[in-house]
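In full-length UniProt numbering, the protein residues as written are 1 to 226. Quick reminder that beta carbons are idealized off the backbone N, C-alpha and C, glycines included.
Given below as structure tokens:
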């Protein structure tokens, strides 16, 4: 503790103060050399003490204790011994009260530290959430780019498919033209074959007719130049 601890002029405690069931003080408590108590101390209406209080093995009292003005007036006219004894009792009470204030201050510091740690944890959790959100946005952007690339690739495939269909249609039309040309050639070939068969039939008929003519002629008719 520092060499000098100055409390405020007025200290007002709450109406109800409940201490824990067990309070363990350290083995050694060193108070400052000078402790100035406030002029007015208002105690709470109800103070519940713990079931167990362990006092330290050593308590070092300050060299100087400044009493408030009200206390000086209260002890005026009392002999030196009673004043000293009362001062010691009050000093002990002040020390206990000071110790309680220090413990309360320490508790407040610990609570503040806990709040700071909780705040830091919340900030780290918030930062982690922001990083996770950023990672999700980047992943979403990557998915969108991949989806866009897939759509462009799909569109290119559709255009290529359409070109293939048009080329296939041109091939079908060309094939149909070839089939029609082939059919015309087949019909022309068939007509040629029919014409050839007709010529052959005409030749056979001519031969048969010529033979009949020759059979019907007599020798004199056959030798007649006319």
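No Cβ-Cβ contact shorter than 9 Å links residue 8 with residue 32. Between the alpha carbons of residue 96 and residue 112 lies a distance of about 24 Å. Partner residues in a beta bridge of residue 89, as assigned by DSSP, do not exist. A residue is called buried once 16 or more other Cβ atoms fall within 10 Å of its Cβ, and residue 94 is buried on that count. Each of 48, 14, 28, 52 was checked against the Cα of residue 42, and the nearest Cα belongs to 14. Going by C-alpha positions, residue 117 is about 29 Å away from residue 27. With fewer than 16 neighbouring CB atoms inside 10 Å of its own CB, residue 84 falls in the exposed class. In the same chain as residue 89, and ignoring 5 residues on each side of it, no C-beta atom comes closer than 8 Å to its own. For residue 58, the pairing in a beta bridge is given by DSSP as 28. When DSSP states are grouped into helix, strand and coil, residue 218 belongs to the coil group. Linking residue 222 to residue 202 through their CA atoms gives a straight-line distance of about 24 Å.
Around the Cβ of residue 91, a 10 Å sphere holds 16 or more other Cβ atoms; the residue is buried.
In this structure, residue 5 keeps its C-beta atom at 9 Å or more from the C-beta atom of residue 54. Residue pairing for residue 213: DSSP places it in no beta bridge.
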